[in-house]
Structures are given as C-alpha cells and as structure tokens.
Ligand SMILES: Cc1ncc(C[n+]2csc(CCOP(=O)(O)OP(=O)(O)O)c2C)c(N)n1
Ligand SMILES: Cc1ncc(C[n+]2csc(CCOP(=O)(O)OP(=O)(O)O)c2C)c(N)n1
Ligand SMILES: [Mg+2]
Ligand SMILES: [Mg+2]
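Protein chains in written order, with this note's numbering: chain P, 1 to 346; chain D, 1001 to 1346; chain H, 2001 to 2324; chain W, 3001 to 3324.
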C-alpha cells in the first residue's frame, strides 16, 4: 500500500470495524472458495471470486435493513456474506452438497436465501435485475417499507433489460436501488471495449433515477453514497450506484487473465479496500494486534466452512425430481421409469 | 391553423416544395389506406397510419442518399414513401395481394424493398432496430459510405434492445442514425405514463451518441437537424434524433382513442406539418393555385393505388410454401400431402 | 347458469380472484385504461385501482422479470403478454428464471405467477402476430401450460391457475374471445390438470386443445352425417398433461389424430403423437396422424393464413382417409 | 488425413471459410482477444483483424439482430452465442426476424448467417449453462439446425453452413471440444442435410445426434458383447432433416430408440418418435422408445447432473429391455 496515502477515518457515526470485519470475511471466504476448487471439491470451475470488490458488498450491504431484499449476479458471494449468509451453507452449496443453501442444485451461481431476502444469484448476465422491480412493486403494494437492491457487474450495463428495469423503477417511484460493481472487466473485455461511455451513472439519470458513481477504494465512501441512495429509495426515489474497483483475479477459476498486463494487475490490486481499511484501523485506537486476532478468527471460521462442505454428503440421486414444482405436486416421472413401464406393457 | 404564426421559410438551400410534395403524398396515401380498410379490402385491421408524422418521414428521408438503408416500425408507410416507394405496390401489399411488395405475405407491418434499401418494417416494437447496427457494420467493412437509419416510435424507447444497439453503434463508430418518431402515444399510453423522462435524446447521449430532439411542426427543422446528424453518421459519428409530433388518429384502424380528450386531439391535430408547410408555400412565390394542382395530382396518383390494389389478384394458395428457405431449396412438405402419403402406405 | 363470452369469462375470473385474494395484481401493456388489446381486462382498473392494474411500458422482458420478483415477494402477479408472438423477448425471464427458480434454489421459494397471453391465426395479423408457440413452453420444465377452449374453462381454469404454486402460462386464442356459451360460475371447480372428453365415439379419437377443439367438434358433426362417430378430447392443460384420459379413449378406439394449430415439426402434436405411439402401441390400428399448422410462417393474406392451419374440412378428410 | 480436435476443426473451418469469402466475419462475446469461451476462435483475430473478429458487449439480442442486419447487407456473419442457454434473450431476433424475413418480405432477401453456440451437460455449470435447447429451433420454420458429433462433421458441416442461403443455428456440444479424431479436410464435402449410418446392425436402431451419438456407439459396443447388433444413425442435421436414412434403417430393423440430451417432453425426440411412428407404422415390432433428458432443470451437483441425461448404460438397459 506504499503509494496510497490513507487518511484516518473521521466519521464517528460509522462502525468502520464492522465494515472491515464484513470485508475481511468476504476476502477470507473467497480465498477458500479458490482452495476448494484447487482441492477438487467444488462443483465445477465456474467460480467467480469477488476479491477486490469487498467494499461494494460491505458498503451497500451495511446500509440495507432486515426485510430488504436483493438479487446478485454470478459474482455474488461477497454480497450475500455482507447480508448475513452462513459460510458453511454457502461453501457446501458451492461444493454441490445436500447441506448447501440450495441442496446442491444451485451452486455458486444460484445461491439464494429467502429468509435473508436473497432472491437469488444469477448465471445470466442481467437476469436478476428485473426481479427487484417486482420486489419493489410488492413493497409498494404491501406498504412494507422495504427496499430491493439489484447487484450486477459492469458487463450488465450492456444488457437491455437493465434499462427496461430502471425505466419502470423510475416511472413507478419504486423503492429500488441498482448497484453496478464496476470491476473494469466483463470476462476478458475491459469496459472501454464494451462501451463508449464509462460514466455509468449518467445513464441511470437519463431515465430519471438518482445516479452516483463512487470509487470503491474507501469503503466509507461507498457506505455514505449507498446510505443516501438507500434513504431516498425507501422514500420512493429509486437510485443507481456504480462502485468502481478492480477484479483482482481471473474471470473464473481457470482464467489466468492473459488479456491484461502484469503492471495493470499490480496497480489494480493496490486499490485494495480491505487493506486500505485495515491500515486505517491499525493506525486508530483499534490497533494492529486486535486486527490480527480478528483476522485469525475469521480465517478459522472460513476454514471450518471448507471442512463442513467437504464432510457434507452429496444429494440423493432421486432428489433431482424434487422442487421442479410445488411440494404437493407429483414429481415428473423419470425417463427410466417411463421406459420400464412402457416396455412392460408392450 | 389560426393560432399558429407561420414564418416564411428563408432557407434558400432547401427545396421546400419537394418536402411538401413528400409529405402531401404520405398524407394522401395514408388517407387511402383508411379508405381501403373501410371498403373491406385491406388485409386485416392492423393498419397504423402515419398521419401527423409526415415531417419526420420527409425531414429525415430527404437527407438520406441512394445506397443508404433503413428499417421502420409498424407505422412505416410514410417513411417508405419518402424513400421512393411505389404506392401501387404498397397498397397492394396492404391489401395482401400478389402484386404487393412482398407478394401478400407481409402486409402493412412487413413491407420491405431491398432495392430501395428498405430492410423492412417490423411488427415487433423495437424489432427492427438492431438490424441497422449490422447494416452499419457492413457499410464499415465494405467501406461503402452508406448510412443505415432505424425509425421507431416513442414506445420503443422502453425496449432494451434499443440501448444495446445504440451502445454498439457508439462503441464501434458506426454510420448509423436512430430516429424516434415521438407521437406522444404507444397505443393508449401517453409517453408520460411510459417513462419518467421525456427528454429522449439525453438517453442516447448517455451512451455516447450525438443526440437531438426537434419539434416536427416545421419540416425544415427536422430536415436541418437530420442533415447534420446524417453527415456526422456518415463520418462514423452515430446519432439519435427524436422528432416530436402527434398521432392524429387511433393506434390502428379500429381504435377511436377513447383514452384521450377531444381537446387534446384538436390541439394535437393543429400541429400539422403538412398544413404548416402548405401555408408557407402558399404565401411564397409558389402560390396556392400551384399547390391545388399538385395536391390534386397526388390524390389521383393515390386513388389509382387503391384501384391497383383492389384489381390485383390474391396470391396462389400454394405460394405459401415458397420463400421459407432459399429459392433452390425444396419447400416444406405440406401437412395434407404428408397425411395422404402416410395413409396411402399403411 | 349465465351466458357469457370467453372474453367476459376471463374478466370475471380476474375480477373474482382479485376480490378474493389481494395479493393478485395485473401488469402488462394496455391492461388498464385501454382495457387490454383484446378487451379482457376492461374496467378492472376502475374496480381495483391503478396499483393493482398496472399499465406498463413496452418492455416485455422486464414485465415478466418484474412478475417473477413480485411472485417471490409474496404477491401473485398476472402478467399479460399482448401476443404470444412477443414471448421471444421474455424467454430468458420465463425459461431461465420463472421456470427454474424453485429448482435452482432447492425449493426455497416458488414463483406463483400467471402469464396470460393469446395466440393463433384469424386476423390477418401476419407472421409476428399469429403464431401458436405453446411448444416452447411445453418443452420448458417448471412452467405449467393451460389453453382453454370453452367459456367455462376460460373462467374456471384461470381461477385454478391463480391458485397454483408455480408459474402458469395461460394462452387464450384470439379467435375465441367472442365465443358465447352457458357457464356455471359456481359449479364445482373444473379439476386442475385434467383433459375432458367432449364427445364420445367409437371410430376415431380426435385430440385437440384451444380453438382446434371447436374445429374437431365441427368435424365430428360432419363425420356423424356419414355415420362416423368420433371421440373429441379437449386436452385443456398441456402441463400437467392428463395422459390417462387420452390413453383410455385411444386404447378403446384404436385410431387417433392429434390436432394443433402450431407448426407441426417438434410441436405439441409431436409430443402427443410420440407419447400415444409409445404408450398405446398394441392398441393402435393405424399410425397416429398429426394434423397441424404448416411448417411455415403465417402470411398476412387471409387466404394463405387460413390455408396454413387446420380447419374442420381438413380434419374430416383426414379421418375419412384414416378409416378407408 | 490429420488428427485434430473438434475445437480445432471448428477453428479450421472458420479460418478456411474466412480466407475464401471475405464477406464472412465473426461477432460475439469474447470471440476475439479471449479466443472464445471454449477457445474455438482463438487466434482468428490475429489472422483476420479486429474488424472481422469482433468482440461485442454482453448484448445477446443485439448481437443476433446486428447479424441479421449485416446478412441483409451483403455480409455473411457468424454470430457466437456463448451458451445456448442464453438463446432466450435472442429468441425474438432469431425467431421473429432471422427466421421469417425471407418469407415476410416475399423472398426479396435471405438472411445468410450462422449462429454458432454450444450446449449440453458435463461441466457442473448448473441450470442456466447446461441446457440442450435445440427443440426451440427445430420448431421454428426458417431456421436450419445442425449439431455435429464428430470432428469431421464439425469441420465440414460448419463449412457447409457457411454456404447456405438461410440462417443456420449450429450447436456444438461442450463435452466434445477435446474429442480428437482423424479428419480429411480435403474430402469430398459432407453432403448438406444428410444423416449418416455410423454403424449397421440388425436388432435395433439407435437414432442420435451430437454427443449422444458417442453414447449410442458406446452402448452399441457393449451390446455387441452379448451379440446384439445395433444400427447407430447420426442425424447431424435436424433441419433439413434427412428422414429417409432413418426410415430405411427403421423399416429394415423394426425396433428403434431415439436419443437426445434435451428434456424429453416436446423435444427433438418427440418429433423423431412421432415421425417414425407415423411413417414406419407397419414395420415397427415395438414402440419407438425415447431416451432423453429428464423433464427437470439441470443441477450443479455433478451426480445429479449426470443422472439427468442419457448415458451409455441407460441406452444398453433400454435396448435389452426392448429386445426381451
Ligand atoms: C446473458 C449472458 N451472457 C454472457 C454470459 C457469460 N458471462 C458470464 S460472466 C460474464 C462477464 C460479466 O461481466 P460483468 O457483468 O462485468 O461481471 P463480472 O464477471 O465482472 O463480475 C459473461 C460474459 C452469461 N453468463 N450470461
Ligand atoms: C414487442 C411488442 N410489444 C407490443 C406490441 C403491441 N404494440 C404494437 S404498436 C404498440 C405501440 C407502439 O408505440 P410506439 O412505439 O410509440 O409507436 P406508434 O404506434 O406510436 O407509432 C404496441 C404496444 C408489439 N407489436 N410488439
Ligand atoms: Mg465486471
Ligand atoms: Mg408512439
């Protein structure tokens, strides 16, 4: 962190330690997702780590309330952790196990938890965005006071459904917030090769939303922008927030990012919000020792999630026929059963 | 036209008479489409008249060149006429006749003429927009110097594909122009009930295009805005133009527009670019008498198109199997033939 | 018993359901002030207000996506897609989201929404406004699919659809809106997911749904004149599919034609014919014949349009040939 | 003859076609610098430049729409859709535009484009990245549909697709990219629209396409051990469909199973089974059996994923039962 000058945090209302803890847990969890893959225990290799994006998850997640809901994109582990996910059940889901959040059916890209308002991660770029319009409508109709937040990447800024969704949110004054985590890349394509205008919030403003762009280096900046937008959203003034950051590693576990230079990566990884906040706290009354203890306890918790995942059982084969339809509906007949039945007759 | 003060046209470079002629032909043609319907000779009632929108068609159409291409929406008769369509073949197509532009397969909403660069009208709101991106790419790759123009309504401003298309056009510096004919309504929905922000060109600017909004009352305003944007588009700077006007009649032939007041309609119909330009010309050296003669000759031409359509034959029933695939491909076997064949065997 | 049209029955079903269940709301293009492109929702905005009858922008993908989100948030949305032809813009939200959410999330939530739409030929509306695209839906696990042919089914099956735990695609036929029939609104509920034998005969079974049920009935009338007695089965619900009713009649009669307006290849008729051929093999005297839409787009020319989908005469001819 | 992988053969086909025909260009997500999500287009951007190998934004609908417009403007675009699962976002541009433009416009223009994509299971990629959605395409008149199983077909059928007057949807299988086989690039062209008998037997016909051809061949090997001889037909092209080759074998052998990875209901297997049942009725000793993907979404769990689609053992079991 040599080149960055890190000012002390002066916002007394802010629990910077809590934000750090959130971010540190994400970092630690994601590193272990990488480890799970290396150990051959993950379900596939489509694992998208949110390392480098912790401040977006924590900055926005920390201003959301119980009862608020959200959807995420494929790189959503961090956001879910910031909203209270159980790392054991997450890791088990990423491993495709029965004890996972979705009983091994969803995996990393389809984690959800209705009880925490997580309406689902999505493997379709932009696919989860319009759901928050519906959640916002539900909030408005039920007068529940809840806000719904869509998290997505800069790549989704080029999906038409975002604009349809923002237009509806603005038109109907919905309690909705759109959060673009701009990590500069969609797979191997840097944002300036995907769009001419990288000033993303202007697009939202053009549809009548309140738009902000913020640098994700300092989580307190994200937090305060998000807090303002969230208050407004709750009052029926929907908003858009772009958080710029850097995707530290490859797109998914197997991608070594040959399409970018080492220098660029090095510079990008220096913009590390976790380290930045740690430094602030180390230089504050909290002190480095307490942080070491905290970090260690987080790492232990996350190590345990790997063990939990590995020691959990795979789902029963027959469970694949469950949950296609509601619980009291008959499951689809299996092809094998059908063939036996047909051939037994003829 | 009592309330409007109509300034004399002072642009010497502009052939106002030609623009008037274009607009007057559109008006006359569209009135006869209505007549065709009333006489029970149209193919269906999905006929969308562009009366009230003539200045958009003529203003933009007049700055396009041979070799330029375009797509239109479902309300595209006027644009096509402005680009040189043969009214006989148009009317015949609207009547579903063999002599029509598309041999009776397309109808009002699917007219096209490759030789005039008309890549097709579209019955899907927004459906024709991305094709101009492709045409723009072709122009760039072939260095043909041509521009491709997408015409669509204000309703399509809420279709995601518009934003995907504008983004690509801007990103790749394509010779493309997007033209929104803002007639204030999408079916029964006034634009302010479809979107919060009615300053439409701002959205295009947010994607890096050059954006302009212009009042369609005076066709010379449309013409000059379009001329500028077209020059830029040809040089690889894509643009967007919104022309505001008023849909004089119902959405389609059967719609009596009960969702809007008589007063509103009356005021809207006063903003009549055809009458406006006529007045200018009547007060100029052209004079009213010449205009009367011109009008009469146009009406006669368009009357003839009705006769042509009515006197044309319906397509042969077997022609329905043609043109599903290329001309040297075997046509699909008909269901009737298949049944006969199968039952003859068993 | 009351006389009403298919259109009125649909409106009545929406009205009654919305009165009973205040989590139901409608969203779609022109469903409010305009009353729906085909007039089904007329007046509901006055009865239930703008919050529960929501006119949307022309944004099909987001309409379905918003319905999905609302359904996951305790509501029961009825999204109207003006023409089934526009489903292409929504297939991601429908097929990858609505259909799979319960499954992907391990059963944590359902998506109890109804997608009302209409399809079919008959209005010279051309290739992009006349299709019958139910096969896309039937091929997508997780989506229920209902296509009522009668006024009573329009009412009762829409009520039933609004009680399902899962997304239901409810496809009306544009040619049926003015159909007028007697209907008992208080009748015992039409059972969910069951086909019905509309008429019973001994020479041939005609399996149809939506408007083709009426064509099959008309053909059966004509055939009767020459002593040929046809069973007509109205499938009504394509998912769940009540195969038992079809199987019972087919095995009794031994000859069958399946009729659908959608294009033949890989269509609903293919599924029905494959299944009948597979399951009733030993009972079939003749091959299962598919009477279906031609494998071509629909023309705007009325003659070409009419010629490209099954009509009663074609059904009669086919049956005669089959019985020869 | 050279040894190469399915992936290399596809790249070679693109390279050779682009060398020959300068109206061909590629557009899609990550096709350029990244070389394609599955590496098929690797290096082509160096050979042909950024103008002919165009990295696009993540805008599937506009990618297909742009390809349509380019194809109408004298080019021959190859649009890559990274996963067939994303086809939902493009179905309007594909089904209402690309497929129907020639027809709606009375034959004035064609849309000579190729949509390359890949599908299928095998990578624990979950419900939205593992589907086999070819039935949607097969049910859409106007779209050609090719699904190569072998390295030689990957090469030759892609070359052929790039000579067609109409839009071709060319679906690769993600499980085949590393398949290595001998291939004669200079061989007489693989004929367009023809199925091929990969092996001939007398007891049962297995009709398959794409990866299931390999499963059928493996099953045939196993069956051979107990003296059961199977014909294996690789359909290769679903539109145009070469029914004659299927019919000849089925009528000779009298027993048949059709195999597809896509979900069973209203799938490609339904069309093939319906058609065989209809046309070969008098020759069938037993019902046409469909071996297909389960009517469920795909799970991320590797065990559940593998269990939900046909594999050789299931084919063997089915044939044994069929011959009992
Ligand atoms: C509709 C769709 N198109 C393409 C993909 C393939 N894909 C997965 S992630 C990704 C890049 C997304 O970039 P961004 O939205 O910036 O998210 P990030 O990966 O950077 O977090 C792409 C192209 C997809 N999953 N869905
Ligand atoms: C995708 C799609 N959605 C809905 C419709 C039905 N529809 C036809 S025209 C129209 C209104 C379009 O409004 P606008 O774009 O402003 O064009 P205008 O009719 O005013 O010329 C609607 C909703 C359609 N044809 N296509
Ligand atoms: Mg990104
Ligand atoms: Mg309009």
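Yeah, the Cβ is synthetic: ideal placement off N, Cα and C, and Gly gets one too.
Quick check on residue i: buried or exposed, where buried means 16 or more other Cβ atoms within 10 Å of its Cβ?
i	result
residue 118 of chain P	buried
residue 1088 of chain D	buried
residue 267 of chain P	exposed
residue 5 of chain P	exposed
residue 235 of chain P	exposed
residue 2187 of chain H	exposed
residue 2049 of chain H	exposed
residue 3285 of chain W	exposed
residue 290 of chain P	exposed
residue 205 of chain P	buried
residue 3140 of chain W	buried
residue 1 of chain P	A caution first: residue 1 of chain P carries a pLDDT of 41, below 50, which makes its placement in the model unreliable, though a value can still be read off. With fewer than 16 other Cβ atoms within 10 Å, it is exposed.
residue 3057 of chain W	buried
If residue i sits next to residue j, beta carbons under 8 Å apart, how far is it from one beta carbon to the other, in whole angstroms?
i	j	result
residue 250 of chain P	residue 244 of chain P	That pair is no contact at about 19 Å.
residue 217 of chain P	residue 271 of chain P	5 Å
residue 164 of chain P	residue 1160 of chain D	5 Å
residue 55 of chain P	residue 273 of chain P	4 Å
residue 1053 of chain D	residue 1181 of chain D	5 Å
residue 3108 of chain W	residue 3065 of chain W	Actually they do not touch by this definition, with Cβ atoms about 19 Å apart.
With respect to 6 Å, is the separation between the Cβ of residue i and the closest non-hydrogen atom of ligand 4 below this value?
i	result
residue 3122 of chain W	no
residue 1154 of chain D	yes
With residue i as the anchor, note down where its beta strand (DSSP E) starts and where it stops.
i	result
residue 1316 of chain D	Per DSSP, residue 1316 of chain D belongs to no beta strand (DSSP E) and is neither H nor E.
residue 2114 of chain H	2114–2119
residue 3173 of chain W	3168–3173
residue 2055 of chain H	2053–2055
Looking at ligand 2, does it come within less than 6 Å of residue i, judged from the CB to the closest heavy atom?
i	result
residue 1185 of chain D	yes
residue 2082 of chain H	yes
residue 2058 of chain H	yes
residue 3030 of chain W	no
Note the first and the last residue of the continuous alpha helix (DSSP H) segment covering residue i.
i	result
residue 198 of chain P	Per DSSP, residue 198 of chain P belongs to no alpha helix (DSSP H) and is neither H nor E.
residue 3252 of chain W	3243–3253
residue 7 of chain P	Neither: residue 7 of chain P is in no alpha helix (DSSP H) and is coded neither H nor E.
residue 3317 of chain W	3312–3323
residue 1129 of chain D	1129–1142
Taking 6 Å as the cut-off, is the beta-carbon of residue i closer than that to any non-hydrogen atom of ligand 1?
i	result
residue 75 of chain P	yes
residue 123 of chain P	yes
residue 3086 of chain W	yes
residue 35 of chain P	no
Are the segment 2071–2081 of chain H and the segment 3067–3085 of chain W touching, with three or more C-beta to C-beta distances below 8 Å? Taking a contact to require three or more Cβ pairs closer than 8 Å, the segment 2071–2081 of chain H and the segment 3067–3085 of chain W do not qualify as touching.
Could you check whether the segment 11–28 of chain P touches the segment 49–64 of chain P, counting it as contact only if at least three pairs of C-beta atoms, one from each stretch, sit closer than 8 Å? Using a C-beta cut-off of 8 Å, the segment 11–28 of chain P makes contact with the segment 49–64 of chain P, since at least three inter-stretch Cβ pairs fall below that distance.
Under 8 Å, with one C-beta from each stretch per pair, do the segment 1077–1084 of chain D and the segment 1025–1032 of chain D reach the 3-pair mark? The segment 1077–1084 of chain D makes contact with the segment 1025–1032 of chain D: 3 or more CB pairs, one atom from each, lie closer than 8 Å.
Does the segment 2308–2324 of chain H come close enough to the segment 2207–2220 of chain H to have 3 or more Cβ pairs within less than 8 Å? In short, these stretches touch, since the Cβ pair count reaches three.
Between the segment 3159–3171 of chain W and the segment 3104–3124 of chain W, do three or more beta carbon pairs fall short of 8 Å? Proximity of the segment 3159–3171 of chain W to the segment 3104–3124 of chain W meets the contact definition, three or more beta-carbon pairs being nearer than 8 Å.
Check whether the segment 3295–3307 of chain W and the segment 314–322 of chain P touch, using three or more Cβ-Cβ pairs below 8 Å as the test. The segment 3295–3307 of chain W makes contact with the segment 314–322 of chain P, as at least three CB pairs between them are under 8 Å.
Would the segment 2179–2186 of chain H and the segment 2200–2207 of chain H be scored as touching if the rule is three or more Cβ pairs under 8 Å? Contact between the segment 2179–2186 of chain H and the segment 2200–2207 of chain H is absent, because fewer than three Cβ pairs lie under 8 Å.
Kindly confirm or deny that the segment 2232–2240 of chain H and the segment 2285–2295 of chain H touch, where touching means at least three C-beta pairs closer than 8 Å. Short answer: they don't touch.
So does the segment 3085–3101 of chain W actually touch the segment 3271–3285 of chain W, counting three or more Cβ pairs closer than 8 Å? In short, these stretches do not touch, since the Cβ pair count stays below three.
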